[in-house]
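If you read the protein sequences in the order shown, they are chains L and U. First residue of the first sequence? That's 1 in the numbering used here, and the numbers climb one at a time after it. First residue of the second sequence? That's 383 in the numbering used here, and the numbers climb one at a time after it. I have placed the structure first, in the form of structure tokens, so that the comments after it can refer back to it.
Protein chains: 2
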Amino acid sequence: MRVLILGGDGYLGWPTAMNLAAAGHECCVVDNYLRRRIAEATNSEALLVAPSLTERARVFAAVSGHEIAVRIGDLNDSDVMFSIVREFMPNAIIHYAEQPSAPYSMRGFREARETLRNNLDVTFNCIWAVKDIVSDCHIVKLGTMGEYGTPDIDIEEGWIEIAHKGRKDTFLFPRAAGSLYHTTKILDTDLLWFYVRTYGLRVTDLMQGPVYGISTNEADLDPRLSPNFHYDDIFGTAVNRFLVQAVARVPLTVYGGGGQTRGYLALRDTLQCVRLAAEKPPARGHLRILNQFTEAFTVNDLAERVKVVGDKMGLDVAIASIPNPRKEKEEHYYNPVHSGLIDLGLAPHYMTEDVITDMLERIIENKDRIVSERIMPRVRWS
Amino acid sequence: MRVLILGGDGYLGWPTAMNLAAAGHECCVVDNYLRRRIAEATNSEALLVAPSLTERARVFAAVSGHEIAVRIGDLNDSDVMFSIVREFMPNAIIHYAEQPSAPYSMRGFREARETLRNNLDVTFNCIWAVKDIVSDCHIVKLGTMGEYGTPDIDIEEGWIEIAHKGRKDTFLFPRAAGSLYHTTKILDTDLLWFYVRTYGLRVTDLMQGPVYGISTNEADLDPRLSPNFHYDDIFGTAVNRFLVQAVARVPLTVYGGGGQTRGYLALRDTLQCVRLAAEKPPARGHLRILNQFTEAFTVNDLAERVKVVGDKMGLDVAIASIPNPRKEKEEHYYNPVHSGLIDLGLAPHYMTEDVITDMLERIIENKDRIVSERIMPRVRWS
């Protein structure tokens, strides 16, 4: 299968490319390094230095024997999108090429506009490239569980049958996100669904929860192949931030009451999910939506889990509730269905003490690189 | 009340401005003439020549004594939006400034992108101008009944309580539109709802059906004040197109089976609805959604009504089903609630034979201006 990975420099994009290449697929990654530029501009650089994509592809080929093609370009520019798709003629496109930070999208007008335009334009260009050049190609789009927000009913996988006044019909599950970033993913879903039903595209929209982890089979082949592991308030996800805070001996920053519940998954499982989705496409004219997480935790649960393991390792972990910089419910119902990926063959890796231990050990090896000013929240929703 | 009308050159924008000015409100209109440029580029110019906004404001002041301020500028440019809002400090903004043609949005990549960017950027800039400069200002946004599509359940006014697996919650009514243009209005609603609940804006989102009519109290003061009455396949709405076709002695073009049902309203009632909404704002933090139409008809109903009146006037009206250029259900359930505007005080003008007669007479006066190449559909969805 020829797989084009948009946003191939990202925390998930690069490990995905290696994983698919190692599985024998022909891969091409594209990126404009937007996240690197934002990370530098906001003092939010990753824990581990990532070489350029070209350099990483060279290292990966040397250690694994698998080639990954690299294109550096801005997919907001339709000429770039169309010419790469025309050149590579993919069977599947994995679309990660979005500004992925909720806090960044809430920082001010300029950042909000950049997020809205970047995310919508890349999705739009991707849709048109497929429609006009490779209409049978399967788009695997990374959405987010955050699209749904925290409704007071069970969250289904993308769709819901609504019975109303004696009649019924099936609709996209209603969504209400907690940041502009998450809202752009709702707009993406709206756009994809319109073009799928109008032109018979085939799309999988993966509603992913926060991802944690630093290690994958391919990344572990050479330190230069590591994912972009962020621990800052802009790009760091909850678990990754807590792990670094434990190592840095600063209290784990629980936002507000800590009852916020989300579905989490290991980086290794993101790779499994994306590969399963890509290898088993839906029929044309179908928007398949899958809820991509393996376990739900409250923020307090996560902090407690990191503390238990960290304390055993002598890190003497403290937990501190700080004023919540976000606008979100701190106590709420949360029961999302997530059986679709299991049905496709996902074998989850759960967040065991061993998994947390391994992550902490890896961070301890790099503890001199931790910059503590990156830890506390620097963006408030209000 | 100081009212800023975005898209003040439009079929609805200019009559709205005159109506609000005549009611004693201080009005400013803004436009970049996008619709005029598209109309010229696509050979879709309106039946009646509209002088420039500046000229129309001058004529209106002379005949009515009411001043309307005019600003020509592109509201996609945030500097333009912010500086006009800062200068005028509106209490209400009526937001019509969108590319309003469904067929144009389906014509090709360039037109689709132009529609997506224009509509989203203006809404986004408007939201931020209000949030940062006039946070108490009421945004009255023109949405469309087309956001809902044609679901198999009753359409509520914007919101629906969903009971699911023993629990319930209230959500935006799920939406699935029939064109990219209509889909951009869904994205607008998503954006507005996010910023309303996050920053406490006050917004009315009017889900409007197709509008018909050529006459308003203020427009009738001088022929140069007429609305931009379109009868072409790009900008013309169903009733207005049928009226011109009847006068031009070409068969009324029913798309497909003609069972497509929509809620329609007279231009005079758009003015009433928008004014009622503007004069009675919702509380801060509320997104009020109102379904703005007065009567539902099938396309066949409309054609038959125009034929009955046209035949009485000796026009000998023919009706012809032509292949449907759109992708839409031609037979479907349709039962939308529309009581909110009645509750606010709307006194509807229905589509009586007299109303149709008056419109036909007005078009007959201008029949030499009809360009028949503009009548048949020039854009296909597939």
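Beta carbons are placed, not taken as given, at the ideal position from N, Cα and C, and that holds for glycine. For clarity, every value in this text was computed on a predicted model and none was experimentally measured.
Pick out whichever of the options has its Cα sitting closest to the Cα of residue i.
| i | options | result |
| --- | --- | --- |
| L:Leu180 | L:Asn366, L:Asn125, L:Met313, L:Ala102 | L:Ala102 |
| L:Gly236 | L:Arg378, L:Ile84, L:Phe293 | L:Arg378 |
| L:Gly158 | L:Lys131, L:Leu192, L:Ala129 | L:Leu192 |
| U:Ala659 | U:Arg453, U:Leu457, U:His448, U:Leu728 | U:Leu728 |
| U:Pro664 | U:Ser754, U:Thr586, U:Ala702 | U:Thr586 |
| L:Asp154 | L:Cys137, L:Ile139, L:Phe173 | L:Phe173 |
| L:Ala50 | L:Asp9, L:Arg117, L:Ala248 | L:Asp9 |
| U:Ile475 | U:Leu742, U:Val441, U:Val516, U:Gly455 | U:Val516 |
| L:His138 | L:Asp77, L:Leu201, L:His230, L:Arg113 | L:Leu201 |
| U:Arg489 | U:Ile616, U:Glu713, U:Thr680 | U:Ile616 |
| U:Glu449 | U:Ser764, U:His407, U:Val632 | U:His407 |
| L:Asn118 | L:Lys131, L:Glu98, L:Asp132, L:Arg110 | L:Glu98 |
| U:Ile542 | U:Thr532, U:Phe553, U:Pro533, U:Asp534 | U:Phe553 |
Is residue i helix, strand or coil when you go by DSSP?
| i | result |
| --- | --- |
| U:Phe555 | coil |
| L:Ser321 | strand |
| L:Leu346 | coil |
| U:Val737 | helix |
| U:Glu600 | coil |
| U:Thr652 | helix |
| L:Pro223 | helix |
| L:His286 | coil |
| U:Thr586 | strand |
| U:Phe611 | coil |
| L:Leu315 | coil |
| U:Ile466 | helix |
| L:Gly310 | helix |
| L:Leu4 | strand |
| U:Ile746 | helix |
| U:Glu677 | strand |
| U:Ile568 | helix |
So is residue i in contact with chain L if we call contact Cβ pairs under 9 Å?
| i | result |
| --- | --- |
| U:Leu573 | yes |
| U:His546 | yes |
| U:Lys689 | no |
| U:Leu446 | A quick correction: the sequence has Ser, not Leu, at residue 446 of chain U. No - not a single Cβ of chain L is within 9 Å of the one on U:Ser446. |
| U:Phe675 | no |
| U:Ile542 | yes |
| U:Asp536 | yes |
| U:Phe679 | no |
| U:Pro485 | no |
| U:Leu723 | no |
| U:Pro718 | no |
| U:Phe576 | yes |
| U:Lys807 | Residue 807 of chain U is absent from the model: chain U starts at 383 and stops at 764. |
| U:Arg489 | no |
Less than 9 Å between CB atoms is the rule here; does residue i satisfy it with respect to chain A?
| i | result |
| --- | --- |
| L:His286 | As a matter of chain content, chain A is missing from the structure shown, whose protein chains are L and U. |
Just to check, is the beta-carbon of residue i closer than 8 Å to a non-hydrogen atom of the ligand GDP?
| i | result |
| --- | --- |
| U:Val578 | Of the ligands one can find in the structure shown there are none, so the ligand GDP has no counterpart to examine. |
With a cut-off of 9 Å, does the C-beta of residue i fall near any C-beta of chain U?
| i | result |
| --- | --- |
| L:Lys327 | yes |
| L:Tyr264 | no |
| L:Leu116 | yes |
| L:Asp77 | no |
| L:Ser135 | no |
| L:Pro386 | Not covered by the structure: residue 386 of chain L. The range shown for chain L is 1 to 382. |
| L:Ala97 | no |
| L:Arg380 | no |
| L:Phe88 | no |
| L:Lys312 | no |
| L:Ile5 | no |
| L:Leu187 | yes |
| L:Arg197 | yes |
| L:Asp121 | yes |
State whether the segment 470-485 of chain U contacts the segment 559-576 of chain U, with contact taken as three or more CB pairs (one from each stretch) at a distance under 8 Å. The count of Cβ pairs closer than 8 Å, one atom from the segment 470-485 of chain U and one from the segment 559-576 of chain U, reaches three, so the stretches are in contact.
Completely contained beta strand (DSSP E) runs for the segment 112-167 of chain L, where each covers 3 or more residues: For the segment 112-167 of chain L, whole beta strand (DSSP E) runs of length 3 or above, ordered along the chain, are 138-144, 159-164.
Does the segment 692-710 of chain U come into contact with the segment 636-646 of chain U, if we say contact requires no fewer than three beta-carbon pairs (one atom in each stretch) closer than 8 Å? With the cut-off at 8 Å, the segment 692-710 of chain U and the segment 636-646 of chain U touch.
contact_flag[the segment 295-311 of chain L, the segment 162-176 of chain L] where n(CB pairs < 8 Å) is 3 or more: Counting C-beta pairs with one atom in each stretch, the segment 295-311 of chain L and the segment 162-176 of chain L have fewer than three that are closer than 8 Å, which means they do not touch.
Are the segment 310-319 of chain L and the segment 269-283 of chain L in contact at 8 Å, needing three or more beta carbon pairs? No, they do not touch.
For the segment 409-463 of chain U, list the beta strand (DSSP E) runs that are entirely contained and at least 3 residues long, ordered along the chain. Counting whole runs of 3 or more residues, the segment 409-463 of chain U contains the beta strand (DSSP E) stretches 450-454.
Hey, is the segment 34-41 of chain L in contact with the segment 123-134 of chain L, meaning 3+ C-beta pairs nearer than 8 Å? They do not touch, by the three-pair rule.
Does the structure place the segment 711-730 of chain U close enough to the segment 662-678 of chain U that three or more beta carbon pairs sit under 8 Å? They touch, by the three-pair rule.
Touch check for the segment 351-369 of chain L and the segment 204-220 of chain L: three-plus C-beta pairs under 8 Å? The segment 351-369 of chain L vs the segment 204-220 of chain L: in contact.
Does the contact criterion of 3 or more C-beta pairs under 8 Å hold for the segment 142-152 of chain L versus the segment 55-69 of chain L? Below 8 Å, too few C-beta pairs join the segment 142-152 of chain L and the segment 55-69 of chain L to call them touching: fewer than three.
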